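Participant: After the structure tokens below, expect a handful of questions from me.
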Ligand code: NAP
């Protein structure tokens with residue numbers, strides 16, 4: 175059966191677009207490799223999403239959006255899209271090796287965490303090296319952990335980890351944070367978080383499990399080895415756009431270029447959320463993208479297929 179729209183990605187952009195398109199009566203299939211929720215679903219508390227003066231659990235918020243999309247009739251499944259092709263006015267979308275047909279595609283596949291690329295990192299992933307505090311933080315109760323990065327993800331990750339770990343060492347390569355002031359203030363005021371600024375991790379050491387980090391002070395040039403049980407890396411992200419290469423216009427960094435209505439240069443292919451070339455990547459802006467793209471897809475289907 176031909177879907178009106180296949181949505182790749184179950185974060186706030188994908189789920190909002192599913193809510194809008196399903197509510198408009200379209201036949202909607204949303205797939206996500208890890209189920210619905212996206213990066214927002216792994217955020218412990220989201221403080222700046224409107225309507226929740228005391229913050230809201232990312233997982234809860236995403237569960238609400240998922241239930242809402244399902245309630246309007248969207249089909250939501252586990253699945254990874256490996257290829258998108260346009261054939262005779264329809265799209266052929268390969269999901270976990272099986273081909274599906276759709277009249278339109280919304281690419282809301284988000285981003286994946288960047289690795290630091292230092293010796294020891296690849297070998298120790300899952301053995302003390304992690305990219306997700308909410309997933310792995312509870313494993314480090316009363317332990318010493320480091321967080322690397324100076325953006326909002328590192329700042330919120332450090333705060334979350336301070337609820338479990340005995341000590342959190344936040345390592346950032348500059349002495350100013352990239353993340354927002356509210357998050358910076360919370361971290362600075364947290365007695366369980368120690369700051370190690372102007373510092374970079376050069377190596378991760380351990381015999382089967384992470385034991386220490388070699389850290390260099392970029393101002394003095396001195397290095398030290400600090401003992402840690404875990405390290406959480408938040409050094410940015412890469413967009414998940416490999417299946418769109420050759421189909422959509424991408425920036426040099428791989429983000430999808432879109433028009434105001436979220437359309438790409440391929441008619442019927444739209445993009446929304448963090449994967450899009452945009453100014454501000456937040457849950458609120460992802461939801462905004464999802465609403466716009468939902469409206470645009472409804473219009474595209476009416477104009478071209480009804
Ligand atoms: P980000 O803002 O790109 O920050 C990445 C951080 O990693 C930067 O501080 C960067 O340092 C550092 N970094 C990059 N490469 C490095 C390297 N090789 N070695 C050491 N450090 C390195 O990424 P993000 O924190 O994941 O945030 C992504 C987006 O999501 C942002 O728009 C953010 O506002 C949003 N977000 C918001 C919240 C919230 O609560 N509002 C929570 C999570 C994410 P420099 O600063 O020196 O470049």
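Numbering (the numbering used here), first residue to last: 175 to 480. The beta-carbon is built from N, C-alpha and C at its ideal position, and this holds for glycine as well. Remember, it's a predicted structure, so these values are computed and weren't measured experimentally.
1) For the alpha helix (DSSP H) containing residue 277, list its first residue and its last residue.
2) Which residues in the same chain have their Cβ closer than 6 Å to the Cβ of residue 351, if we skip the five residues on either side of it in sequence?
3) Using the rule of at least 16 other Cβ atoms within 10 Å of the residue's Cβ for burial, across every protein chain shown, is residue 378 buried or exposed?
4) Under the rule that 16 or more other beta-carbon atoms within 10 Å means buried, what is residue 370, buried or exposed?
5) For the beta strand (DSSP E) containing residue 479, list its first residue and its last residue.
6) May I ask whether a heavy atom of the ligand NAP can be found less than 8 Å away from the beta carbon of residue 288?
7) What is the DSSP secondary structure of residue 348, counted as helix, strand or coil?
8) Closer than 7 Å by C-beta to residue 414: which residues in its own chain qualify, once you throw out the five before and the five after it? Chain order, please.
9) Would you say residue 352 reaches chain D, if we count a Cβ-Cβ gap shorter than 9 Å as a contact?
10) Which residues bound the alpha helix (DSSP H) around residue 236?
11) Quick one: using the 10 Å Cβ neighbour count with 16 as the cut-off for buried, is residue 344 buried or exposed?
12) Could you tell me if residue 326 is buried or exposed, where buried requires 16 or more neighbouring beta carbons within 10 angstroms of its beta carbon?
13) I'd like to check one pair, residue 302 with residue 384: are the Cβ atoms closer than 9 Å?
14) Going straight from the alpha carbon of residue 298 to that of residue 376, what length do you get?
15) So if I measure from each beta-carbon to every heavy atom of the ligand NAP and keep distances below 7 Å, which residues remain?
16) Pairs of beta-carbons, one from the stretch 404 to 412 and one from the stretch 429 to 444, closer than 8 Å: are there three or more?
17) For residue 278, collect the residues of the same chain with a Cβ closer than 6 Å to its Cβ; drop the 5 residues on either side in sequence, then sort them by chain order.
18) Identify every run of the alpha helix (DSSP H) within the stretch 289 to 375, keeping only runs that are complete inside it and at least 4 residues long; order them along the chain.
19) According to DSSP, which residues form a beta bridge with residue 413?
20) Name the DSSP bridge partner or partners of residue 444?
21) List the residues that DSSP assigns as beta-bridge partners of residue 203.
22) For residue 455, I'd like the list of residues in its chain whose CB is within less than 7 Å of its CB, leaving aside the five on either flank, ordered along the chain.
23) Is the stretch 188 to 198 in contact with the stretch 237 to 247, if contact means three or more CB pairs nearer than 8 Å?
24) Cα separation between residue 421 and residue 250?
25) Are there 16 or more other CB atoms within 10 angstroms of the CB of residue 333, so buried, or fewer, so exposed?
26) Between residue 257 and the rest of its own chain, which residues show a CB-CB distance below 6 Å, the 5 nearest in sequence each way excluded?
27) From this set, 347, 265, 381, which residue's C-alpha is nearest residue 395's C-alpha?
28) Between the alpha carbons of residue 467 and residue 187, how many angstroms are there, rounded?
29) Put residue 189 into one of helix, strand or coil per three-state DSSP.
Facilitator: The answer reads as follows:
1) Working through the chain shown from its first residue, we reach residue 277 at position 103. Here residue 277 belongs to no alpha helix (DSSP H); instead the beta strand (DSSP E) covers 272 to 281.
2) In the chain shown, residue 351 corresponds to position 177, counting from 1. 324, 358, listed in sequence order.
3) Along the chain shown, read from residue 1 onward, the residue named residue 378 stands at position 204. Classification of residue 378: buried, given that the 10 Å Cβ count is 16 or more.
4) Counting from one through the chain shown, the residue named residue 370 turns up at place 196. Note on residue 370: 16 or more other CB atoms within 10 angstroms of its CB, so buried under the neighbour-count rule.
5) Start at 1 with the first residue of the chain shown, and residue 479 comes out as number 305. For residue 479, no beta strand (DSSP E) encloses it; the enclosing alpha helix (DSSP H) starts and ends at 457 to 479.
6) Along the chain shown, one-based indexing puts residue 288 at 114. Yes, since a heavy atom of the ligand NAP falls inside the 8 Å radius drawn around the Cβ of residue 288.
7) Against the chain shown, residue 348 aligns to sequence position 174. Note: residue 348 maps to coil in three-state DSSP.
8) Locating residue 414 in the chain shown gives position 240, where the first residue counts as 1. For residue 414, the CB contacts under 7 Å within the same chain, skipping 5 residues up- and downstream, are 283, 284, 285, 286, 449 in chain order.
9) Although the question refers to chain D, the structure presented lacks it and comprises just one protein chain.
10) Position 62 of the chain shown, counted from the first residue, corresponds to residue 236. Looking at the DSSP string, the run of the alpha helix (DSSP H) that includes residue 236 is 232 to 245.
11) In the chain shown, counting from the first residue as 1, residue 344 sits at position 170. With at least 16 other beta carbons inside 10 angstroms of its own, residue 344 counts as buried.
12) Walking along the chain shown from the start, residue 326 turns up at place 152. So residue 326 ends up on the buried side.
13) Taking the first residue of the chain shown as position 1, residue 384 is located at position 210. Taking the first residue of the chain shown as position 1, residue 302 is located at position 128. Going by beta carbons, residue 384 and residue 302 fall inside the 9 Å limit.
14) For this step, residue 298 is matched to residue 124 along the chain shown. For this step, residue 376 is matched to residue 202 along the chain shown. About 14 Å.
15) Neighbourhood of the ligand NAP, defined by CB distance below 7 Å to any of its heavy atoms: 217, 220, 221, 222, 288, 290, 322, 323, 324, 325, 326, 327, 328, 330, 346, 347, 348, 351, 352, 353, 354, 357, 374, 408, 409, 410, 411, 454, 455, 456, in chain order.
16) The stretch 404 to 412 vs the stretch 429 to 444: no contact.
17) For the purposes of this step, residue 278 is taken as residue 104 along the chain shown, with counting starting at 1. Excluding residues up to 5 positions away in sequence, 179, 442, 471, 474 lie with their Cβ nearer than 6 Å to the Cβ of residue 278 in the same chain.
18) Listed in chain order, they are 295 to 298, 307 to 310, 326 to 335, 355 to 362.
19) Within the chain shown, numbered from 1, the residue matching residue 413 stands at position 239. 285, per the DSSP bridge assignment.
20) Counted from its first residue, the chain shown places residue 444 at position 270. Partner(s): 280, 437.
21) To locate residue 203, count along the chain shown from 1; it is residue 29. Looking at the DSSP assignment, residue 203 forms a beta bridge with 180, 249.
22) For the purposes of this step, residue 455 is identified with residue 281 of the chain shown, where counting begins at 1. By the criterion of a C-beta distance shorter than 7 Å, residue 455 is surrounded in its chain by 448, once the five residues flanking it on both sides are discounted.
23) By the Cβ rule, the stretch 188 to 198 counts as touching the stretch 237 to 247, because three or more pairs are nearer than 8 Å.
24) The residue given as residue 421 occupies position 247 in the chain shown. The residue given as residue 250 occupies position 76 in the chain shown. Note on geometry: alpha-carbon atoms of residue 421 and residue 250 lie some 25 Å from one another.
25) As a working note, residue 333 is residue 159 in the chain shown. That one is buried.
26) For the purposes of this step, residue 257 is taken as the residue at position 83 of the chain shown. Short of 6 Å from the beta carbon of residue 257, and not among the five residues preceding or following it, lie these beta carbons of its own chain, in chain order: 268, 417.
27) Position 221 of the chain shown holds residue 395. With distances taken between CA atoms, residue 395 lies nearest to 347 out of 347, 265, 381.
28) For the purposes of this step, residue 467 is taken as the residue at position 293 of the chain shown. For the purposes of this step, residue 187 is taken as the residue at position 13 of the chain shown. A straight line joining the alpha-carbon of residue 467 with that of residue 187 spans about 9 Å.
29) Residue numbering aside, residue 189 sits at position 15 when the chain shown is read from its first letter. DSSP places residue 189 in helix when its eight states are reduced to three.
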